[in-house]
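Before any comments, here is the structure.
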């Protein structure tokens, strides 16, 4: 792997940019690997990267039915924050946030992590109480989060409408300054490049169609559209399709998959300096470095794998955006799209061993998995390599739905994750 | 937006009138307090989440307000049929691939 640097750019500029090498190789699949990761999104590629760098396991294949980073990694609104209520969630999301800081240097790849601040708005007394509870709980866990008055919120994000006549007046806000955004594609590409350079095989257009198990129940490999590939350890990181893959191994999951939509506007000059979220009116917005407003909507109400959703969901979100930012009422929206998110009953992820020996699962990130990408990959690699969870992901078992030890962020964080 | 046929009102109405109410044909035990942890987990948390044909409940909230069941393809979101609550799970589906 040739190192990227200012000197590399200068060198290539001198010779017509003919010396850039492929960022990752596309080898033919081998008959057998030590570990197979199902799903080449951010979480899967990060898992492969940390298996190679932290645990020295490089005989790894990442199988992807479509193209690398083409699922929810390329479809989310790139928001990063760690201000979750419960200790378990604070542990895993802040683990990720600490890895975001310095990830570009670690990967030698600019993931454009920008800690520009994530501001969550309160529109009523209940919101104020909930968000202040979050602020206090976060600070006890060593996570930065602070309370702003409406005037302070306006100062931090000038286009915000704090008029008392607004339909949903802003009554305050919680601000996590370390929160922000990153370039989602670059995260997948950077981890892919780093993993590939250490010998990991990334195999695209290779859909898993079955999970093979030995008579004693242990995993022996996977059937794919490119033939059988053996492995004694298989990690399923397939987002909306996780329950489909787990069913192939005979494990039924506490998951349901819903469409989640997002949209972007025409590009304009810098106007939104941070991320603004509102759980009550359900909208979130930031501005990409290209200048587009990036807007996240809610999920549809029914199970679907269609990667599309109802127009009324987008309309509802834009209603809220126009209330919060009257300045945007005449902006034109350019594109909208949907991804399929896998949601658990308590809205917390599952990162764990499964009842099947050799089968591991990292799923259930619901509507907010992007922010956790580095931390999720890091502890999931540990879980696979050591055959036991890292202390950070130990609470995120499948068994919690039997024992009742839930991590109930559903009630704690309302809708927007 | 989906167009959904309410089997009670006997007409197709826009999705905004309806609320999805989750997977259908999940039977609550008459002795729920006596259920084992495993059985309670299956009843309460585990869902089939199929890629393909789903049997699901809907409620015509802003119409007759009644619950009914539907058969839908989760890949195309096309409804195959709807039927009244309490009717058995249909074995023959109109227009389904054989």
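Chains as they are written, first to last, in the numbering used here: chain A, 1 to 417; chain B, 1001 to 1098.
In this text, a Cβ means the ideal position worked out from N, Cα and C, and glycines have one as well.
- The Cβ-Cβ distance between residue 240 of chain A and residue 342 of chain A falls below 7 Å.
- Counting only runs of 4 or more residues that sit fully inside the stretch 3 to 80 of chain A, the alpha helix (DSSP H) segments are 6 to 14, 42 to 53, in chain order.
- With a threshold of 7 Å between beta carbons, residue 1041 of chain B makes contact with chain A.
- Residues of the stretch 294 to 325 of chain A with a C-beta less than 7 Å from any C-beta of chain B: 301, 302, 303, 304, 305, 306, 310, 311, 312, listed in chain order.
- Residue 119 of chain A is bridged by DSSP to A/175, A/276.
- Scanning its chain for C-beta atoms nearer than 8 Å, with the 5 sequence neighbours on each side dropped, one finds around residue 109 of chain A the residues 4, 186, 189, 190, 193, 194, in chain order.
- Across the structure, residue 75 of chain A and residue 1030 of chain B are spaced so that their CA atoms are roughly 44 Å apart.
- In the DSSP assignment, residue 295 of chain A is bridged to A/263, A/285.
- Sequence-ordered contacts of the stretch 1021 to 1046 of chain B with chain A read 1037, 1038, 1041, 1045, 1046 [C-beta pairs closer than 7 Å].
- Boundaries of the beta strand (DSSP E) around residue 147 of chain A: 146 to 148.
- In the structure shown, residue 1079 of chain B falls within a strand segment according to DSSP collapsed to helix, strand and coil.
- Within the model, the alpha-carbon separation for residue 126 of chain A versus residue 1008 of chain B is close to 39 Å.
- Rounded to the nearest angstrom, the gap between the Cα atoms of residue 262 of chain A and residue 115 of chain A is 21 Å.
- Between the stretch 367 to 383 of chain A and the stretch 46 to 66 of chain A, the count of Cβ pairs shorter than 8 Å is three or higher; the stretches touch.
- Take the alpha-carbon of residue 238 of chain A and the one of residue 128 of chain A: they are about 36 Å apart.
- From the beta-carbon of residue 1069 of chain B, no residue of chain A is found nearer than 9 Å; the closest lies around 13 Å away.
- Neighbours of residue 1054 of chain B across chain A, judged by C-beta separation under 8 Å: 303.
- Under the Cβ criterion of 7 Å, residue 359 of chain A is not counted among the residues facing chain B.
- Selection A/12, A/54, A/61, A/7 evaluated against residue 31 of chain A yields A/61 as nearest (Cα-Cα).
- The Cβ of residue 402 of chain A sits closer than 7 Å to at least one Cβ of chain B.
- Neighbourhood of residue 193 of chain A in chain B, by CB distance below 8 Å: empty, with the nearest CB roughly 31 Å away.
- The three-state reading of DSSP puts residue 303 of chain A in coil, since its state is none of H, G, I, E or B.
- Here residue 202 of chain A is buried: its Cβ has 16 or more other Cβ atoms, across all protein chains shown, within 10 Å.
- For residue 1077 of chain B, the closest Cβ of chain A is nearer than 7 Å.
- In this structure, DSSP gives residue 322 of chain A a helical state, which the three-state scheme calls helix.
- In this structure, residue 208 of chain A lies near residue 38 of chain A, with their beta-carbon atoms less than 7 Å apart.
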